[in-house]
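Visitor:
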Amino acid sequence: MNSQSVRAAIHIAAIFGIYLSLAMLVPAFVDFYFRNADWQVFALSAFFTGGLSLATALATQGRSVTANARFGFLIVNLLWATTAFVGAVPLMASSLNLDLADAVFESVSALTTTGSTVIVGLDTLPPGLLIWRSLLQWIGGLGVIVLGLLILPFLNIGGVSYFKLESSDIEDRPFERLSVFMMSILGIYSSLTFACAIAYAAAGMSGFDAVNHAMTTLSTGGYSTHDSSFGFYGDNLTLLWIASVFMFVGGLPFSILALLAFRGRLDAAKDPQIRAFALYVLFFAVVVAVYVRVNTGQPFFEVFTHSMFNFVSIITTTGYASQDYSTWGAFAVACAFIATFLGGCSGSTAGGIKAYRFIILFELMSNGLRRLVYPSSVHTVRYGDRPVDDDMQRAVVLFIASFFVIWGAATVLLAGTGLDFMTSMTGALTALTNVGPGLGDVIGPAGNFATIPDPAKWVLVLAMLLGRLEILTVLVIFAPVFWRR
């Protein structure tokens with residue numbers, strides 16, 4: 001890694017800092033409209049971060065560098081770290097008076113669409129701050145789609161093989177020109193957000209809440225304008241079903257949505273990971289609904305609605321909660337714990353391990369068992385009707401192995417800060433999978449992360465970034481070989 005590459009990476013990160021500083025004008029306008037003094041905070045933050053980013057961009061101008069995998073890894077990590085700290089500036093300067101750890105935690109949680117929060121009193125928070133949190137999640141959700149569809153394929157983390165496994169006319173990208181593809185994705189993402197906001201407003205949300213929740217629903221981020229999360233609207237079953245539908249859509253591959261919307265490719269919906277994703281969502285929602293119905297005697301449709309909402313929220317890593325599902329019984333809690341691992345589809349806004357990896361892992365296990373019975377046999381690992389190459393198989397195994405190692409290490413570190421075992425274990429898991437709430441009295445669906453110590457927050461910040469960047473993208477920059485010329 002030479003100095004020219006580092007300089008170019010800093011230059012690109014500074015350009016993104018300018019874009020994010022311009023986004024601060026949105027909450028500034030909102031606060032100004034509602035006559036809240038925090039509009040000055042956002043305006044000054046935009047001026048400060050924009051000026052600093054512009055100065056950095058001008059100072060790091062130079063010759064362009066040849067894009068390669070190492071430069072890709074560097075720029076991805078630098079971009080997410082830069083946007084996280086820029087996003088934290090107005091949070092620190094606002095009337096919340098957050099310290100550095102809290103502000104960075106909130107910003108990283110937003111941009112990684114995790115949805116964990118350290119802020120108490122959301123119901124009375126200034127409107128500009130609420131919009132800023134939601135906007136960060138919306139921007140983060142779009143960034144996650146770009147990461148999954150364009151950047152990770154280039155870095156050979158797994159995404160490139162995902163595209164190669166699809167039909168022959170979309171071998172490397174769903175569209176011939178990158179600009180057309182990106183505009184298609186942005187159009188779908190924005191249109192779905194607008195449709196979600198309209199549906200929320202029509203079903204009973206205020207216009208302000210509808211806009212905020214629409215941005216955090218499509219991004220599968222889960223930030224709410226209320227301390228009780230979606231439980232504030234828990235009695236409105238129509239809203240819960242609307243949210244469930246749009247969260248589920250957020251967990252689908254946006255390349256497939258683009259093919260359906262702009263090319264009418266109905267066959268694209270046959271992607272195996274979509275079927276797997278839909279099946280395990282339906283399975284958990286039904287079995288938990290039956291369990292709660294049997295144990296409480298509540299009307300089945302009401303129980304099923306809450307079960308579907310909360311398990312779609314967990315599996316898509318959104319993090320909304322309509323009820324405190326930790327009170328539903330041990331079986332429901334166990335199901336919620338398992339669902340935390342799953343995640344949505346590749347190329348979606350969701351986090352977690354993701355459905356396509358489970359499909360490939362199952363194929364590997366099946367082939368391994370066949371080889372035990374027939375040692376001389378040769379079986380191809382397949383994803384649908386397509387073979388999976390060796391690089392993809394190794395990437396899946398390496399990711400899953402790294403996932404559990406990092407989870408264990410993060411749990412130990414959190415326990416070392418004084419947190420109890422349940423909080424440490426589920427906190428590490430929910431950060432790594434970008435789900436949001438954990439289990440237990442402290443960080444469960446009815447709690448938040450405000451009371452945990454600052455060292456624990458920094459551990460969780462790193463875990464959220466690791467989970468959002470597919471772990472290997474971050475780990476590779478700590479390898480000594482990465483920095484050798």
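When we follow the working numbering, the leftmost residue of the sequence shown carries the number 1, and every step to the right adds one.
Where a beta carbon is used, it is the ideal one built from N, C-alpha and C, also for glycine.
This structure is a prediction, so every number in the text was calculated from the model and none was measured.
Looking at Phe-248 and Tyr-320, is the spacing between their C-beta atoms short of 7 Å?
Guide: Not in contact: Tyr-320 and Phe-248 (Cβ atoms no closer than 7 Å).
Visitor: Excluding five sequence neighbours on each side, which residues of the same chain lie with their C-beta closer than 6 Å to the C-beta of His-306?
Guide: Closer than 6 Å at the Cβ level, and outside the excluded window around His-306, lie Ser-322, Gln-323.
Visitor: Since I believe Ala-110 is in contact with Gly-221 (beta carbons under 8 Å), could you give me their beta-carbon distance rounded to a whole number of angstroms?
Guide: Sure, about 7 Å apart at Cβ, within 8 Å.
Visitor: Let me know the secondary structure DSSP gives Ser-167 once reduced to three states.
Guide: Because the pLDDT of Ser-167 is 35, which lies under 50, any placement of that residue in the model is unreliable, and the number read from its coordinates should be weighed accordingly. Ser-167: coil per DSSP, three-state reduction.
Visitor: Please report the distance separating the alpha-carbon of Asp-169 from that of Thr-423.
Guide: In this predicted model, Asp-169 has a pLDDT of only 35, less than 50, meaning its place in the structure is not dependable enough to derive any value.
Visitor: Just to confirm my understanding: we take Ala-289, look at its own chain, exclude 5 residues before and 5 after, and list those with CB closer than 6 Å. What are they?
Guide: Excluding sequence neighbours, Ala-289 sits near Val-303, Phe-304, Ser-307.
Visitor: Under the three-state reduction of DSSP, which class applies to Arg-382: helix, strand or coil?
Guide: Looking at Arg-382 - three-state DSSP - the assignment turns out to be strand.
Visitor: Quick one: grab the DSSP three-state call for Pro-387.
Guide: Correct three-state label for Pro-387: strand.
Visitor: Using only the alpha-carbon positions, how far apart do Val-245 and Thr-225 sit?
Guide: Those two C-alpha atoms are separated by around 20 Å.
Visitor: How long is the line joining the alpha carbons of Ile-315 and Leu-466, rounded to whole angstroms?
Guide: One C-alpha to the other measures close to 18 Å.
Visitor: Below 8 Å on the Cβ atoms is my contact criterion, and I expect Gly-50 with Ser-21 to pass it. Report the Cβ-Cβ distance as a whole number of Å.
Guide: Sure, about 4 Å apart at Cβ, within 8 Å.
Visitor: If distances are taken between C-alpha atoms only, which option among Phe-71, Ala-203, Ala-81 comes closest to Arg-484?
Guide: Taking only the C-alpha atoms, the option nearest Arg-484 is Phe-71.
Visitor: With Gly-51 as the anchor, note down where its alpha helix (DSSP H) starts and where it stops.
Guide: Run containing Gly-51: 39 to 59, per the alpha helix (DSSP H) assignment.
Visitor: Please look up how many angstroms separate the CB atoms of Gly-347 and Ile-139, rounded, as I've assumed it's under 8 Å.
Guide: Their Cβ separation, rounded to whole angstroms, is 17 Å, which puts Gly-347 and Ile-139 out of contact at 8 Å.
Visitor: Work out the CA separation of Ile-406 and Gly-255 for me, nearest whole Å.
Guide: The displayed chain sequence assigns Ser, not Gly, to residue 255. In a straight line, the C-alpha of Ser-255 is about 30 Å away from that of Ile-406.
Visitor: So, for Asp-420: in the same chain, excluding its five sequence neighbours on each side, which residues have a beta-carbon less than 6 Å away from its beta-carbon?
Guide: Nothing meets the Cβ criterion.
Visitor: Please return the same chain residues whose Cβ sits closer than 8 Å to the Cβ of Asp-271, not counting the five positions on each side in sequence.
Guide: Taken in chain order, the residues that qualify are Glu-166, Pro-253, Ile-256, Cys-345, Gly-384.
Visitor: Is it true that the CB of Gln-137 sits closer than 7 Å to the CB of Thr-117?
Guide: Not closer than 7 Å, so no.
Visitor: Is the distance from the Cβ of Ala-456 to the Cβ of Leu-414 below 7 Å?
Guide: Yes.
Visitor: Check Trp-458 in the structure and name its three-state DSSP category.
Guide: If DSSP states are grouped into helix, strand and coil, Trp-458 belongs with the helices.
Visitor: For Val-354, name the three-state secondary structure that DSSP assigns.
Guide: Reading off the sequence, residue 354 comes out as Lys, not Val. Lys-354: coil per DSSP, three-state reduction.
Visitor: Return the residue from the list Ser-190, Leu-218, Ala-243 that minimises the CA-CA distance to Gly-204.
Guide: Ranking the options by Cα distance to Gly-204, first place goes to Ala-243.
Visitor: Is there a Cβ of chain C sitting closer than 7 Å to that of Leu-460, yes or no?
Guide: Checking the listed chains, one finds no chain C in this structure; it contains a single protein chain.
Visitor: Which term fits Asn-97, buried or exposed, when burial requires 16 or more other beta carbons within 10 angstroms of its beta carbon?
Guide: Its Cβ having fewer than 16 others within 10 Å, Asn-97 is exposed.
Visitor: Counting C-beta neighbours from all protein chains within 10 Å, is the total for Pro-174 16 or more, i.e. buried, or is it exposed?
Guide: Low confidence applies here, because Pro-174 scores a pLDDT of 43, under 50, leaving its location unreliable; read the following figure in that light. Counting Cβ neighbours within 10 Å, Pro-174 comes out buried, since at least 16 surround it.
Visitor: Let me know if Phe-449 comes out buried or exposed under the rule of 16 or more other beta-carbons within 10 Å of its beta-carbon.
Guide: Buried.
Visitor: Beta carbon of Ser-313, beta carbon of Thr-216: below 7 Å?
Guide: Not closer than 7 Å, so no.
Visitor: State buried or exposed for Pro-480, treating a residue as buried only when at least 16 other CB atoms are found within 10 Å of its CB.
Guide: It counts as exposed.
Visitor: With a threshold of 8 Å on Cβ separation, who are the neighbours of Phe-482 within its own chain once the five nearest residues in sequence on each side are excluded?
Guide: Hits under 8 Å: Met-1, Arg-70, Phe-73, Val-476.
Visitor: Can you list, in chain order, the residues of its chain with a C-beta nearer than 6 Å to that of Arg-357? Leave out the 5 residues immediately preceding and following it.
Guide: Contacts found: Val-396.
Visitor: Return yes when the Cβ of Arg-386 is within less than 7 Å of the Cβ of His-379, no when it is not.
Guide: No; because the gap between Cβ atoms is not below 7 Å, this pair is not in contact.
Visitor: To the nearest angstrom, report how far apart Ala-23 and Trp-132 are at their CA atoms.
Guide: Cα to Cα, the separation comes out at about 9 Å.
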